[in-house]
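No gaps in the numbering here: position 1333 of the sequence shown is 1333 in the UniProt record's numbering, and each next residue is one more. Glycine included, C-beta positions come from ideal geometry on N, C-alpha and C. From a predicted model like this one, the values you see are computed outputs, not experimental measurements.
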Amino acid sequence: MADAATSEDADLPPPPPPAQLPPPRRPHKRLQPRGYQVEVFAAALRGNTIAVLDTGSGKTMVAIMLAREHVLRARAGEALRRIVVFLAPTVHLVHQQFEVIREYTDLDAVECHGASGVGHWNAKRWKEAIGTKEIVVMTPQILLDALRHAFLTMRVMSLLIFDECHRACGNHPYSLIMKEFYIDSEWRPAIFGMTASPVSKKGASTIEDCEAQIAQLELVLDAKVYIVEDRNELESFSTGAKVVNKYYDPYLFDLDNLESKLQMLFEEFDGLLVRLQESSPNKFEDTDSILEMSRKSLSRCHGKILYELNTLGPIVTLEVVKIYNESINTIDDSEDCVFSKESLNLQVSYFKEALFLIEDFLPQGYGELMKSESGSAELTKKGYISSKVESLINIFKSFGSSEEVLCMIFVERITTAKAVERFMRGNVNFSRFSISYLTGGSTSKDALSPAVQRFTLDLFRAGKVNLLFTTDVTEEGIDVPNCSCVIRFDLPRTVCSYVQSRGRARKSSSSYVLMIERGNLAQQEHIFRIIRTEYYVKTFALHKQPNTPSLDLPLQEKYIYHVESTGATITAECCVNLIYKYCEKLPKDRYYLPKPCFEVGLKDGSYQCTLTMPHNAAFRSIVGPPSSSCNLAKQLVCLEACKKLHELGELDDHLVPLTEEPMDIDTDTTDKKCVSGPGTTKRKELHGTINVHGLSGNWIHESETVILNAYTFDFRCDQEGELYAGFVLLMESVLDDDVARSEIDLFLIPNKMVYTTMTPCGKIQLNKEQLCKGKLFQEFFFNGIFGRLFHGSRTDELQREFIFTKGHEIQWGSDNMYLLLPLRNSSQIQHDPNIYWEAVESCSGTVEQLRNLYLEDGNLNHENLCSHKRSNKGEDIIHLANKSLHFSTVKDSVVLSLHTGRIYSVLDLILDKTADDSFDEMYNGKASPFASFVDYYHQKYGIVIQHPGQPLLLLKQSHNAHNLLFSKMKYQDGSTGNPLLVEKEQIHARVPPELLIHIDVATDILKSFYLLPSVMHRVQSLMLASQLRSNISYIQRIPSSLILEAITTLRCCESFSLERLELLGDSVLKYVIGCDLFLRYPMKHEGHLSDMRSKAVCNATLHKHGIWQSLQGYIRDAAFDPRRWVAPGQISLRPFPCNCGIETAFVPFNGGYISDDPSFVVGKPCDRGHRWMCSKTVSDCVEALVGAYYVGGGIAAAIWVMRWFGIDVRCDMELVQKAKYNSNASRMCYLSKIKDIEELEAKLKYNFSVKGLLLEAISHPSVQELGVDYCYQRLEFLGDSVLDLLITQHLYATHTDVDPGELTDLRSASVSNENFAQAVVRNNIHNHLQHGSGILLEQVTEYVRSNLEYHGKENQFLQQATCKAPKVLGDIMESITGAIFIDVNFDVDLVWKIVEPLLSPMITPDKLALPPYRELLELCSHLGCFIESKCTSEGEELIIEMKVQLRDEQLIAQGHDRNGKTAKANAAARILVDMKKRGLSLKQCISKANQLDIVSSKLQSELTNLESRHDCPHMNGTLSLGLSSARAAVVLPLKMDKGGPRTALFRLCKSLQWPIPEFEFVEQRFRYAK
C-alpha cells in the first residue's frame, strides 16, 4: 500500500498553483465499468492487488480506473502530485495501452520505450519529458535503468501498474524493480498487477506447485492475488474459445538419402571455410572472427534446414532454403574485406547447392501438381509434404469466405512462420485469403523490425490479412476483437502460453485448435498438465485463506554501489552491462571495437576474476574479490571497476558513462522567442558601440590658451598635376605611434588613388582667437560642403535662418572633439605644422559678410548685395557680391552662392553668355518657363540682377562625401582590367557673378575636404583598435592595423576583413587548447579530449567569452556611410533617432534584445550607436583577434589574449617532459622493433630521442589484440591540432592575395584525411603501421593500389568520388606529427621543418580540387545554370540522376551507391567530366565574376536614394508572363518588398530549367554608373 505523502518530499514535481485553472481536457470515451471490474477496482484501492482475470475481460479498464483515481486525487490537492507508471513488457503492448488511455481518459500521458530513444536520455531530458505528465507508459527495462541511474525514484510514483505481471520472476526487470528499489524504499507506490495466469513456469503439475508459484509472485510484487468469485458476469465477457484437438499422423517418410547429401554438402563448405581461414598469411582476430561467424551462421542455417525437413517435408523446406538464399543475396559486400566477400560467396554457393539437391529429390512436375486442388494431398501421401502441414491445409479448407476469417497460427520458429506462409500463399486453394507473417522479439536477423510488426498487426486487425503466422511475440495482450480462430501449429510450452494464446481468439464462437501428433503420448501428457495446472490456479486462488503464510525471499548478500548526491544505485548484476556500455563509448573505428576482457582463476577454492580494460580506458586492469562462483566473480570485478570509474570521473553521479553535454546557455540571456543559440548566424542581438575615448574633451570651450597634439595629413595623388592641400588634426589625446604614423590609401574613380600619410608633429598652442577662428572654419566648410548653411527652406513654412546668425552657436559634443585645419603647403616641417591661418581668417570674414547680407528672416538684404566699392577700370574685371576680381584670378577660385548657400569652385568664365540671355536650362525635367536668367532669379528667388551684362561663371557643384576606402581592384573586371564603375559626366552650374561671394581659399583645400571623412573614419577606427589593445594590455604592442582587421567584418566592404585572421585564429585556438588538454589530462582518451576541445572552441563558447569582455562594442559591422558621418561642429542632415527602447548607449545583454527575426537589418546603428548584429560575428571576432595577436606577437601573445577572454589555458614545460617520458610506449622495450623504427626515422629524416613515441605513433588501437597497451589516438589528437596550425599558418603567409573563401577551401583540402593519406603513401610510411586487423591491412593495400592507378591521370573527379582513403592513413600522419612535436619539446617551427617535406607538394589554388558536387554547384552558379536532381532506388542501392541545362544542350549523368551523398558525388563527377570536354571549368569562370557582389553593395546606398526620389508603390501582387503561344500564361505570386520580384523570377527559371537571368545597371541620378 502506498505510504502517506508529506510536504517535505523534495523530489516530487511541484503541485500546480491553486489560482491557476487547469487546461481544457480533450474529449474521450466514457468509462462504463462492469460489476466485476468495480469489484476488482475496490480491492485494488484497499491494498496492493494482483488481478487474475481471463483474457478479454477488461483488465486494462480496471488499471485505467485506478490510475484515474490517483490522478484525480492529485488534481484535487488531496495528495502531492505524483505520476502513475504503467509497465508493459513489450513495445507492442506499451503502444496499445497508451492508445487505450488516450481513448478513455483525459490523463496527460506519454509512452517511453527503447525504440523511441529513451535509453539515451539524461536526467535533464527525463525531467523535461515527464515533468508535466500524469501517467507514463513504458517497458520495465526503461524504468529499471531510470531507477538505477536515479533519473526517477519511487517517491515520484503514486501507482505502479504491472501488465502481464506473471513475468515477475527470476531476473526479469519486473522482479528487479521490486527487489532493488521497492522493498528498501521509504516511499512505496501502490501496486496493481494484472494477468490471465499467475503461473508462468514449467513443471507446475500439482496444486502445491501452483501454490508456490503464486506465493512467490505475491511476495515479489508485495501484493495479493484477487480472483472474482462470481464468474457468471465475467464469463459472459471473457473469451470462451472452444478448444479443439486436431490430430495428425507422424511423419515417417524416409529422408535419410537427402539428409546425408545435405550433411555432406555442409561438411564440404565448412571445410572450404576452414581452408580459407588457414590460407591467410597473416593471422588477425577480426578476419578469424569473420570466418568463425560465417561457419557458425552456416551451421545454424544447416541445422534449421534439417529440422524443417523432418518436420515440414522437402517441399516446404525448399521454401526455407529459398528464404536463406534471397536473404544472403541482399547483403551488400561492397565495403567488406576479401575474406568477408569470399566467405559470403561460399555461403551463397552452399544455398544454391542445397536448392539443387532438394529440387533434384522432388518428383518431376511437382510444381504443376501443387497448382491442382488435390495436389498437396497426393504429395503428402508420397511424403514430400508432412502430414502436419497437410492437416493445417485441411483446417484452412474448412474455413468459409475470406470476410469471415481472421486466424492466427502460432509456431515456435521464425523460419517456420516464413516458410509455411510462403507455401500457403502458393497454394491455389487459398488464393481467396490474404496471408502474412509476424515475428519479432528476438535479436535474430530473421526477426521483423517493430515498425513492420505494428504495420502487419494493423492490417490483421483491419481484416486485410486473414491468415497470420506468428511466434509468441503476439501471445500476450495483443487485442484483435474479431479474431475467430487460433491454431497452435506448435504446442504451447507453459500454462501461461496456453492461456495467453487462447485469449487471442476474441470473437464469439471462436476456436482454439491444438495440433497434436497422433500416438505422441508426451504431447498429450503435456497438454493434460497444462489444463490441470490452469484448474489448480483458479481453485487455489479462490479458496486461499487471507492469512496464508507467505514464503520469504531467499536471503542473499547484496552487492551494491550507491551515490549519495543523486541516489543512483547499481548492483553487481547490472555492472557487467555498464562496463560494456562504457567501453562502447570509447574511441573506436571499423577495425577495432574496444571491449573488456575477463580472466577467471580458481584460487584456494574461490573464484577470482581479473578485468582488463581497453588501452584507452581510464585504467588498464583491476582484480576482483574472491567469490563463490565464476559468474559472481565476474560481476564483482565489474562492480569494483564501476566504483573506480566513478572515482576517476568517467561515470557521472548518475553512474552513466560521461559524455560532453552541449554547453548550458544562461537562461537570463536567452529569449524564449529566439530558437537559435548563441554564436549562430540566425540569431540577431542588439549591441551598443564603444566610443573612441581619445576623441573626447571639452577644450573647444576654453577661454584661455590650449595646447593640443598635432598630426598632419599629407595627400599625394598618383596622377600628375592633381594637388590636394595638407591638413592638420588637432586633438587633446596623444595617439599611439602606429596610429599617428598611419598610411591610408583612398580610391577615387576613375582609376585614381590618393596616398595619405599621417605624421605626428608634437604639440601646438592656440590662443582664444585662433581657437575661435579654427572652430568657425571647420563649422563653415563642413556644413557648407556636406550640410547646409541655412535652416529651413523657401518652400517650408519654417523661417529660413543662417546657421551663423549672431548669438547662435553650434554645439560640439564632448565625445567627438577635434579640429581639422588646412596647411600652407604639403611639405610640412615636422613638429611645426604651418597652418594656413590666412585661409582660416578669410573664412571668418566671409561669415561676417554673410551675416550682413542676410536679414533676420533669412532673406537677402538687397541694399548690401552689391555695396562693395566697384572699380570700373578695365573690361577684364568681374564684380562678385563681396569683391571685384580680374578675369585671370577668378578661375579656380572658391565661391559661395548667396541664393542657395552652396560652395562651388569656378571652372571658367562663359564670355559669350550673360544674365540677359535666354534661360535654356531644363527645369523639373521640362522645358524652361523662364525667358532669361534675370527672369529666373527674379521669379524663383526674388533677386534683381544689378549687372546683367557680366559674363556668367561656369561652376563645379559640390557633392556629398563618398566612401573612398573601397579597394581599387574591386572596381575592375577580373578578366579585362577595365573599370566596372566609371565617372559620370559632370553637371555644371552657370551663375551670375554678383550672386557669388568669393572665399579666399584655394581649390586644393576644397578638394581635400572630400577626402577628410574617409580619412577620419579610418583614423577613428585605428584609435578604437588601439583602445582595445590598451584594454588587453599585452607587453608587446600588436599593430593596431592588425587589430582593426580583426574587428572589421566583410560587411564593411573594405580592402581587408577579419576572415583571414578568423581562419588563422581558429587554428591557433584549436592548437593551444589541444596542447593544454593533452598535457593537463594525461589519462583521458582521445574521445574525451576531442569533445572538450570542441566545446571550448565552439561558437557558443567563444560568443560567451567575447560578450564577457564587451568585444561586441568594438566590432565594425557596416560599410562607412559618409552621409551619416559628421565632423565636430557639423549639423547632421540624416538623423537616425533611437527606437530601441534603451536610454543609454550600453545595451544590457538579455533576452529582450535577442531575436531570430530575419527582417531585422544588421549593421545600421541609430544615433545612440545601437545596432543589430549576428551572434556569430562576435564568435568570429574572438577567433580573428586571437589570430591577430598570433601574427603580431607569436603564440605567447595569442595565449595572453585567450586568457584575457577568460579561456583557461596553461603552459607548463614540466608537463611536456612528463608527456615525453611517461607514456606507456616510452617505458616499453622497443628493441624488437628497432629496425622498423630506424627505417621510418630515415624516411622522416629525423631521429627521435624517445623512440617509444614513434612506436606509439604508428600503433593502431587493434594492436591491443596482440597484447599491446598503447596506441596512437592521443598523439593523433595532438598532431591534428599541430598540423592544422602549421598548414593554416603556411597558407596564410604564402597566399596573401587569395580570397578568404578560397583560403578556407585550401585549408580544408590541405588538412583533409585524403591529403594526409596521400602523403603517407607517397613516403611509404603506411608499411610501418602496427595493427592487428586483417580488414585494415586489406583496405590500406587496396587504397595504395588505387592511388597508384589514378596517379597522374586527368580523370581525378571519379577517383575523388569513389576511392576514399582509410582514415587510419591520415591518422598516422597526425600521430607522427604529434610524436615529433613532443620529442622536440613543443617547438612548432622545428616540427614544420620536418613535416613540410613529407606534405610537399602543398596544395595551391591552381591545384585545389573541390568535392565534385560543390564544384558543380559553383560552376553552374557562374555559368547561370540550374541543377536538377532525382533520386530513385533499386534494392538497397540509390540512383541519383542529375541534369544540367546548358545554353544549347542538356547534360545528364547518374551516380549509384548505397550512400546518397556518394551517389550524388558520382553523378556530379561525371557531369564535370562532360563539361570539361566542352571547355567549361570553374577556374575559367571565377575571374570574370568575383567582384559583382562588392559592386552591388557599393551601389546599394545610391539606389536607395534613387528609390526615394521616384514614386514606387510597395505592395504585393502577381505577375503574368505569356511564355509562348504553346503554353498557358504563368501567374507568379510577387512580393514587392526588397528581393521579392527577383526571387520569383529565379524560381520560375529554375522550374523551367532556363539559364539564370542577367542584369545590367544604368545610372541616371548619381555620380557612379556601370
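With a cut-off of 8 Å on the beta carbons, I'd call residue i and residue j a contact; round off their distance for me.
i       : j       : result
Leu952  : Thr914  : 7 Å
Phe713  : Gly726  : 6 Å
Arg1060 : Leu1303 : 6 Å
Leu636  : Tyr535  : With 8 Å as the limit, Leu636 and Tyr535 do not qualify as a contact, their Cβ atoms being about 45 Å apart.
Ile1439 : Ser1310 : The pair is not a contact, with the Cβ atoms about 33 Å apart (cut-off 8 Å).
In three-state terms, what does DSSP make of residue i?
i            : result
Pro1411      : coil
Phe887       : helix
Leu1438      : strand
Gly601       : strand
Leu1011      : coil
Pro596       : coil
Ser484       : coil
Leu406       : coil
Asp973       : Bear in mind that the predicted position of Asp973 carries a pLDDT of just 46, short of 50, making it too unreliable to give a figure here.
Cys1431      : strand
residue 1587 : Residue 1587 lies beyond the residue range present for the chain, which begins at 1 and ends at 1570; the question has no answer from this structure.
His172       : coil
Lys913       : strand
Tyr724       : coil
Whole angstroms is fine: what's the gap from residue i's alpha carbon to residue j's?
i            : j       : result
Leu176       : Arg75   : 31 Å
Ala641       : Gln523  : 49 Å
Ile700       : Pro822  : 18 Å
Glu421       : Ile161  : 37 Å
residue 1576 : Leu729  : With the chain covering 1 to 1570 only, the question about residue 1576 has no answer from this structure.
Arg295       : Pro1405 : 53 Å
Ser1508      : Ile987  : For Ser1508, the pLDDT reaches just 38, beneath the cut-off of 50, and the residue's location in the model is therefore unreliable, although a value from the coordinates is still provided. Each residue's Cα considered, the two are about 21 Å apart.
Val316       : Ile385  : 7 Å
Ile1154      : Cys1138 : 17 Å
Ala841       : Leu1102 : According to the sequence provided, residue 841 is Glu. The question's Ala does not apply to it. If I take the Cα positions, the gap works out to 54 Å.
Lys246       : Asn48   : 42 Å
Gln1450      : Lys1461 : 23 Å
Hey, does residue i have any beta-carbon neighbour from chain B nearer than 8 Å?
i       : result
Ser1259 : Absence of chain B from the displayed structure is noted, only one protein chain being present.
Going by the DSSP bridge assignment, what does residue i pair with across the sheet?
i            : result
Gly117       : Answer by DSSP bridge pairing: none, since Gly117 is not bridged.
Cys1075      : The partner list for Cys1075 (beta bridge, DSSP) is empty, contrary to what the question assumes.
Phe802       : Phe790
residue 1640 : Since the displayed the chain opens at 1 and closes at 1570, residue 1640 lies outside it and no answer follows.
Trp1172      : Leu686 and Val1162
Tyr904       : Val895 and Gln957
Ser1040      : According to DSSP, which records beta bridges pairwise, Ser1040 is partnered with nothing at all.
Glu743       : Thr757
Ser627       : Tyr607
Thr1048      : Arg1116
Pro951       : Thr914
- Query: Counting Cβ pairs closer than 8 Å, one from the stretch 1084-1094 and one from the stretch 777-787, do we hit at least three?
  - Reply: Contact fails between the stretch 1084-1094 and the stretch 777-787, because fewer than three Cβ pairs, one in each stretch, are under 8 Å apart.
- How about the stretch 805-813 and the stretch 1121-1129: do they share at least three Cβ pairs that are nearer than 8 Å? Output reads yes: the stretch 1121-1129 touches the stretch 805-813.
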